[in-house]
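Residue numbers (my numbering): 37 to 274.
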(Lines of atoms letter the chains of each structure in order from A; the text may use other names.)
(Lines give C-alpha, C1' and ligand atoms only; values in the text may rest on other atoms or scores of the structure.)
Protein backbone atom coordinates (compact mmCIF):
# COMPACT_ATOMS: atom_id res chain seq x y z
CA UNK A 37 0.00 0.00 0.00
CA UNK A 38 1.21 3.50 -0.87
CA UNK A 39 0.48 6.92 0.65
CA UNK A 40 -0.54 10.03 -1.24
CA UNK A 41 -1.66 13.56 -0.44
CA UNK A 42 -5.38 13.52 -1.25
CA UNK A 43 -6.47 16.90 0.09
CA UNK A 44 -5.05 20.35 0.84
CA UNK A 45 -6.57 23.11 2.95
CA UNK A 46 -5.71 26.54 4.27
CA UNK A 47 -7.24 29.23 6.47
CA UNK A 48 -6.39 32.91 6.75
CA UNK A 49 -8.06 35.50 9.00
CA UNK A 50 -10.03 38.37 7.49
CA UNK A 51 -8.06 41.06 9.31
CA UNK A 52 -5.38 42.86 7.31
CA UNK A 53 -2.55 44.93 8.80
CA UNK A 54 -1.08 47.51 6.43
CA UNK A 55 2.09 49.55 6.75
CA UNK A 56 0.06 52.61 7.74
CA UNK A 57 -1.01 50.78 10.92
CA UNK A 58 2.48 51.12 12.42
CA UNK A 59 3.28 54.30 14.36
CA UNK A 60 5.62 56.80 12.72
CA UNK A 61 8.14 56.07 15.47
CA UNK A 62 8.61 52.59 14.03
CA UNK A 63 10.03 53.88 10.75
CA UNK A 64 12.22 56.34 12.58
CA UNK A 65 13.57 53.65 14.89
CA UNK A 66 14.29 51.28 12.01
CA UNK A 67 16.19 53.93 10.06
CA UNK A 68 18.35 54.52 13.13
CA UNK A 69 19.07 50.78 13.21
CA UNK A 70 20.59 50.74 9.73
CA UNK A 71 23.60 48.48 9.77
CA UNK A 72 21.96 46.04 12.20
CA UNK A 73 20.15 43.73 9.75
CA UNK A 74 20.69 40.47 11.60
CA UNK A 75 17.09 39.37 11.11
CA UNK A 76 16.78 40.11 7.41
CA UNK A 77 20.10 39.84 5.60
CA UNK A 78 20.74 36.71 3.56
CA UNK A 79 24.31 35.32 3.52
CA UNK A 80 25.61 34.81 0.00
CA UNK A 81 29.12 33.51 0.63
CA UNK A 82 29.84 30.61 -1.69
CA UNK A 83 26.75 31.21 -3.82
CA UNK A 84 26.97 31.45 -7.65
CA UNK A 85 27.44 34.98 -8.98
CA UNK A 86 23.90 35.11 -10.36
CA UNK A 87 22.34 34.14 -7.02
CA UNK A 88 24.48 36.64 -5.16
CA UNK A 89 23.55 39.42 -7.60
CA UNK A 90 19.82 38.72 -7.21
CA UNK A 91 20.01 38.73 -3.41
CA UNK A 92 22.08 41.90 -3.32
CA UNK A 93 19.66 43.65 -5.68
CA UNK A 94 16.66 42.72 -3.52
CA UNK A 95 18.38 43.77 -0.30
CA UNK A 96 19.41 47.08 -1.86
CA UNK A 97 15.79 47.79 -2.83
CA UNK A 98 14.72 47.27 0.80
CA UNK A 99 17.68 49.06 2.36
CA UNK A 100 15.69 52.13 3.45
CA UNK A 101 12.32 50.44 3.79
CA UNK A 102 11.43 49.66 7.43
CA UNK A 103 8.79 47.21 6.16
CA UNK A 104 11.26 45.22 4.03
CA UNK A 105 9.02 45.25 0.97
CA UNK A 106 5.93 44.04 2.82
CA UNK A 107 2.59 45.79 2.34
CA UNK A 108 -0.14 43.61 3.87
CA UNK A 109 -0.35 40.82 6.46
CA UNK A 110 -3.29 38.65 7.56
CA UNK A 111 -3.84 39.15 11.28
CA UNK A 112 -6.12 37.07 13.52
CA UNK A 113 -8.46 38.60 16.08
CA UNK A 114 -6.93 38.90 19.58
CA UNK A 115 -7.33 35.64 21.46
CA UNK A 116 -8.31 33.60 18.40
CA UNK A 117 -7.57 29.92 18.98
CA UNK A 118 -4.80 28.27 16.97
CA UNK A 119 -6.68 24.98 17.42
CA UNK A 120 -9.69 26.51 15.68
CA UNK A 121 -7.44 27.82 12.91
CA UNK A 122 -6.09 24.30 12.35
CA UNK A 123 -9.61 22.86 12.39
CA UNK A 124 -10.69 25.40 9.77
CA UNK A 125 -7.81 24.42 7.48
CA UNK A 126 -8.47 20.73 8.18
CA UNK A 127 -12.13 21.05 7.14
CA UNK A 128 -10.97 22.49 3.83
CA UNK A 129 -8.50 19.61 3.32
CA UNK A 130 -11.15 17.00 4.12
CA UNK A 131 -13.57 18.67 1.73
CA UNK A 132 -10.88 18.75 -0.96
CA UNK A 133 -10.33 15.01 -0.54
CA UNK A 134 -14.04 14.20 -0.15
CA UNK A 135 -13.30 12.34 3.10
CA UNK A 136 -15.44 12.58 6.24
CA UNK A 137 -13.88 13.54 9.58
CA UNK A 138 -15.23 10.30 11.03
CA UNK A 139 -12.99 8.34 8.65
CA UNK A 140 -9.75 9.93 9.89
CA UNK A 141 -7.53 7.48 11.77
CA UNK A 142 -4.86 9.85 13.11
CA UNK A 143 -4.26 13.59 13.43
CA UNK A 144 -0.74 15.05 13.64
CA UNK A 145 -0.73 18.70 14.67
CA UNK A 146 1.90 21.43 14.93
CA UNK A 147 1.36 24.95 16.26
CA UNK A 148 4.00 27.66 16.41
CA UNK A 149 1.93 29.22 19.19
CA UNK A 150 -0.26 26.49 20.72
CA UNK A 151 -3.32 27.38 22.78
CA UNK A 152 -1.68 25.69 25.77
CA UNK A 153 1.63 24.00 26.46
CA UNK A 154 -0.41 20.94 27.46
CA UNK A 155 -2.66 19.33 26.34
CA UNK A 156 -1.77 19.38 22.67
CA UNK A 157 -3.74 21.37 20.09
CA UNK A 158 -4.26 18.04 18.33
CA UNK A 159 -6.79 16.87 20.92
CA UNK A 160 -8.98 19.92 20.40
CA UNK A 161 -8.60 19.85 16.61
CA UNK A 162 -9.97 16.29 16.61
CA UNK A 163 -12.88 17.34 18.83
CA UNK A 164 -13.72 20.40 16.72
CA UNK A 165 -13.76 18.28 13.57
CA UNK A 166 -15.80 15.46 15.09
CA UNK A 167 -13.02 12.97 14.30
CA UNK A 168 -14.20 10.63 17.05
CA UNK A 169 -12.27 7.51 15.99
CA UNK A 170 -8.91 9.27 15.46
CA UNK A 171 -5.98 9.41 17.85
CA UNK A 172 -4.26 12.80 17.90
CA UNK A 173 -0.77 13.98 18.79
CA UNK A 174 1.67 16.84 18.38
CA UNK A 175 4.58 16.44 15.96
CA UNK A 176 7.03 19.23 16.65
CA UNK A 177 10.06 19.77 14.46
CA UNK A 178 9.66 23.57 14.44
CA UNK A 179 9.26 25.03 10.93
CA UNK A 180 10.12 21.65 9.38
CA UNK A 181 7.20 19.91 11.12
CA UNK A 182 5.18 19.29 7.90
CA UNK A 183 8.03 17.23 6.46
CA UNK A 184 8.23 15.13 9.62
CA UNK A 185 4.44 14.79 9.65
CA UNK A 186 4.50 13.51 6.05
CA UNK A 187 7.16 10.94 6.93
CA UNK A 188 5.13 9.64 9.87
CA UNK A 189 1.86 9.66 7.93
CA UNK A 190 3.38 7.70 5.05
CA UNK A 191 4.88 5.21 7.50
CA UNK A 192 1.53 4.64 9.22
CA UNK A 193 -0.24 4.06 5.92
CA UNK A 194 2.46 1.93 4.29
CA UNK A 195 2.58 -0.30 7.39
CA UNK A 196 -1.19 -0.76 7.32
CA UNK A 197 -1.76 0.96 10.67
CA UNK A 198 -3.88 3.79 9.18
CA UNK A 199 -5.68 4.70 5.98
CA UNK A 200 -6.38 8.42 6.50
CA UNK A 201 -3.94 10.66 8.38
CA UNK A 202 -4.69 14.36 8.81
CA UNK A 203 -1.80 16.82 9.18
CA UNK A 204 -2.41 20.35 10.52
CA UNK A 205 -0.12 23.33 11.02
CA UNK A 206 -0.87 26.77 12.52
CA UNK A 207 1.12 30.01 12.63
CA UNK A 208 -0.77 32.51 14.79
CA UNK A 209 2.32 34.47 15.71
CA UNK A 210 1.36 38.15 15.35
CA UNK A 211 0.30 38.60 19.02
CA UNK A 212 3.76 37.51 20.18
CA UNK A 213 5.57 40.30 18.29
CA UNK A 214 5.24 43.85 19.68
CA UNK A 215 4.54 46.34 16.89
CA UNK A 216 7.91 47.99 17.54
CA UNK A 217 9.84 44.73 17.09
CA UNK A 218 12.08 44.98 13.98
CA UNK A 219 10.63 41.76 12.54
CA UNK A 220 6.96 42.60 13.20
CA UNK A 221 6.24 43.57 9.55
CA UNK A 222 7.38 40.10 8.44
CA UNK A 223 4.84 38.04 10.39
CA UNK A 224 1.21 37.17 9.84
CA UNK A 225 -1.29 34.49 10.81
CA UNK A 226 -2.70 31.42 9.09
CA UNK A 227 -3.13 27.66 9.16
CA UNK A 228 -2.72 24.81 6.67
CA UNK A 229 -3.64 21.14 6.46
CA UNK A 230 -3.00 18.02 4.39
CA UNK A 231 -4.89 14.76 4.27
CA UNK A 232 -2.71 11.73 3.47
CA UNK A 233 -4.57 8.61 2.38
CA UNK A 234 -3.89 5.05 1.32
CA UNK A 235 -3.47 4.56 -2.42
CA UNK A 236 -2.80 1.78 -4.89
CA UNK A 237 -0.64 4.19 -6.89
CA UNK A 238 2.65 5.64 -5.56
CA UNK A 239 2.25 9.15 -4.17
CA UNK A 240 4.74 10.15 -1.47
CA UNK A 241 7.85 8.54 -2.91
CA UNK A 242 10.50 9.92 -0.57
CA UNK A 243 11.00 12.37 2.27
CA UNK A 244 14.36 13.60 3.52
CA UNK A 245 15.16 15.28 6.82
CA UNK A 246 18.20 15.85 8.99
CA UNK A 247 18.27 17.65 12.33
CA UNK A 248 21.02 20.18 13.08
CA UNK A 249 20.95 20.10 16.87
CA UNK A 250 23.91 22.45 17.08
CA UNK A 251 21.49 25.26 16.13
CA UNK A 252 19.16 24.50 19.03
CA UNK A 253 19.30 28.14 20.23
CA UNK A 254 19.09 29.77 16.78
CA UNK A 255 15.39 30.64 17.03
CA UNK A 256 13.92 30.49 20.51
CA UNK A 257 11.18 31.94 22.75
CA UNK A 258 12.98 33.63 25.64
CA UNK A 259 12.31 36.17 28.37
CA UNK A 260 15.66 37.92 28.14
CA UNK A 261 18.70 37.76 25.87
CA UNK A 262 20.84 37.49 28.99
CA UNK A 263 20.93 33.77 29.91
CA UNK A 264 21.10 34.72 33.59
CA UNK A 265 17.73 36.50 33.31
CA UNK A 266 16.02 34.03 30.98
CA UNK A 267 13.90 32.19 33.56
CA UNK A 268 12.36 28.79 32.71
CA UNK A 269 8.84 29.06 31.29
CA UNK A 270 7.27 27.44 34.38
CA UNK A 271 8.62 30.10 36.77
CA UNK A 272 7.01 33.50 37.38
CA UNK A 273 8.59 36.37 35.50
CA UNK A 274 8.36 38.89 32.71
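Note that beta-carbon positions come from the ideal geometry of N, C-alpha and C, so glycine has one too. What you are looking at is a predicted structure, and each value in this text was computed from that prediction instead of being measured.
> When the distance is taken between beta carbons, is residue 65 closer than 9 Å to residue 102?
Replying inline: Judged by beta-carbon spacing, residue 65 lies within the 9 Å limit of residue 102, meaning their Cβ atoms are closer than that value.
>> Tell me which residue opens and which closes the alpha helix (DSSP H) that residue 157 is part of.
In response: 157 to 165
> Taking the continuous alpha helix (DSSP H) assigned at residue 217, which residues delimit it?
Replying inline: Taken as a continuous stretch (DSSP letters only), residue 217 belongs to no alpha helix (DSSP H), as it is neither H nor E.
> Buried or exposed: residue 230, going by 16 or more other Cβ atoms within 10 Å of its Cβ?
Replying inline: So residue 230 ends up on the buried side.
> What are the residues that DSSP puts in a beta bridge with residue 41?
Replying inline: 232
> Span of the beta strand (DSSP E) holding residue 127?
Replying inline: Here residue 127 belongs to no beta strand (DSSP E); instead the alpha helix (DSSP H) covers 118 to 133.
> Does DSSP classify residue 205 as helix, strand or coil?
Replying inline: strand
>> Let me confirm a value: residue 182 is counted as buried when at least 16 other C-beta atoms fall within 10 Å, else exposed. Which label applies?
In response: buried
>> Please report the distance separating the alpha-carbon of residue 63 from that of residue 88.
In response: 28 Å
> Is it true that the CB of residue 198 sits closer than 9 Å to the CB of residue 165?
Replying inline: In this structure, residue 198 does not lie closer than 9 Å to residue 165 by Cβ.
> Ordered along the chain, which non-local residues of its own chain (more than five positions away) have a Cβ less than 7 Å from that of residue 168?
Replying inline: 138
> Assuming residue 174 contacts residue 200 under a Cβ cut-off of 8 Å, what Cβ separation, rounded to an integer in Å, is found between them?
Replying inline: With a Cβ gap of about 19 Å, residue 174 and residue 200 do not count as contacting.
> How long is the line joining the alpha carbons of residue 252 and residue 226, rounded to whole angstroms?
Replying inline: 25 Å
> Which whole-angstrom value describes the C-beta separation of residue 206 and residue 122, a residue pair presumed to lie in contact below a C-beta threshold of 8 Å?
Replying inline: At roughly 5 Å, the Cβ-Cβ gap stays under 8 Å, so residue 206 and residue 122 are in contact.
> In chain order, what residues of the same chain lie with their CB nearer than 7 Å to the CB of residue 149, ignoring the 5 residues before and after it?
Replying inline: Counting only Cβ-Cβ distances below 7 Å, and skipping sequence neighbours, we find 118, 208, 209 and 212.
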